[in-house]
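Report on one structure; see the data block that follows.
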Amino acid sequence: SQTIHQWPATLVQPVGSPLSLECTVEGTSNPNLYWYRQAAGRGLQLLFYSVGIGQISSEVPQNLSASRPQDRQFILSSKKLLLSDSGFYLCAWSVPFIYGYTFGSGTRLTVV
Amino acid sequence: AQSVTQLGSHVSVSEGALVLLRCNYSSSVPPYLFWYVQYPNQGLQLLLKYTTGATLVKGINGFEAEFKKSETSFHLTKPSAHMSDAAEYFCAVSLRHTGANSKLTFGKGITLSVRP
Chain A
25 SQTIHQWPAT LVQPVGSPLS LECTVEGTSN PNLYWYRQAA GRGLQLLFYS VGIGQISSEV
85 PQNLSASRPQ DRQFILSSKK LLLSDSGFYL CAWSVPFIYG YTFGSGTRLT VV
Chain B
20 AQSVTQLGSH VSVSEGALVL LRCNYSSSVP PYLFWYVQYP NQGLQLLLKY TTGATLVKGI
80 NGFEAEFKKS ETSFHLTKPS AHMSDAAEYF CAVSLRHTGA NSKLTFGKGI TLSVRP
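Protein chains in written order, with the working numbering: chain A, 25 to 136; chain B, 20 to 135.
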């Protein structure tokens, strides 16, 4: 069966520090991968999506970047965090034979 | 392009009462429609989906939704609310012609509270 792993679950980082969040998928090949952010009262914001290794589309220009070094690995990064980067970050995947997305358990990021 | 409207940000019902969460979509082509539920500090979990066939779709935890093309709606209902239904609910749409794994557009979500 397909599973998605996302870590860490919680993270507290100072302003100006770097960030690396990782998401891995098991049990499927060539998934589409997505990074979403939830800020308080602002719903789900799509940050990045990827249809293959090295293929990244950015939905919202900001202080973050994404990379897909392997087929089932998706990384969200920042060189210098801002207070506004605080939020709940969700990774998700989709494949052609399953309708909709499967989400990871999320990372709660607090920038202080 | 497609969009989803979930009116209001919060719904409160009594335990045992009917739950009705509204979702209207806008799509230039036939859509796929989804409802997801999110419990605090967790990821989103698929409740149910409409792809093709029967327009009344049954999901997990006793929820169901009906696709009404004429009303461009996909409202979520449950006959009797339980305390464990308290969560945030998201409606989402994708475009059928771009395939089963096409990109989803989410509504802003609605928080359901259940009073004892």
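Ideal Cβ positions, reconstructed from N, Cα and C, are used throughout, including at glycine.
Computed from a predicted model, the values in this text were never measured in an experiment.
- Task: Spell out a yes or no on whether the segment 90-102 of chain B and the segment 35-48 of chain B are touching, meaning 3 or more CB-CB pairs, one atom from each, closer than 8 Å.
- Result: A contact between stretches requires three or more CB pairs, one per stretch, nearer than 8 Å, and the segment 90-102 of chain B meets this requirement with the segment 35-48 of chain B.
- Message: Out of B:LEU37, B:PRO98 and B:SER113, which one is the CA nearest neighbour of VAL23 (chain B)?
- Response: Comparing Cα positions, the closest option is B:SER113.
- To the nearest angstrom, how far is it from the Cα of LEU43 (chain A) to the Cα of SER110 (chain A)? Each residue's Cα considered, the two are about 11 Å apart.
- Within 7 Å of chain A by C-beta, residues of the segment 32-66 of chain B in sequence order: Sequence-ordered contacts of the segment 32-66 of chain B with chain A read TYR51, PHE53, ASN60, GLN61, GLY62, LEU63 and LEU65 [C-beta pairs closer than 7 Å].
- Query: Do ASN60 (chain B) and GLY130 (chain A) come within 8 Å of each other at the CB atom, strictly closer than that value?
  - Reply: Going by C-beta atoms, GLY130 (chain A) is nearer than 8 Å to ASN60 (chain B).
- Message: Going by beta-carbon coordinates alone, are TYR51 (chain B) and TYR123 (chain A) separated by less than 8 Å?
- Response: In this structure, TYR123 (chain A) lies closer than 8 Å to TYR51 (chain B) by Cβ.
- Query: Which chain A residues are close to LYS68 (chain B), counting only those with a beta carbon under 8 Å from its beta carbon?
  - Reply: Neighbours of LYS68 (chain B) in chain A, taken as residues whose beta carbon is under 8 Å from its own, are TYR123 and GLY124 in chain order.
- Query: Would you call ALA20 (chain B) buried or exposed, if buried means 16 or more other Cβ atoms sit within 10 Å of its Cβ?
  - Reply: That one is exposed.
- Can you list, in chain order, the residues of the segment 68-96 of chain B whose Cβ is nearer than 8 Å to any Cβ on chain A? Cβ contacts with chain A come from LYS68 and THR70.
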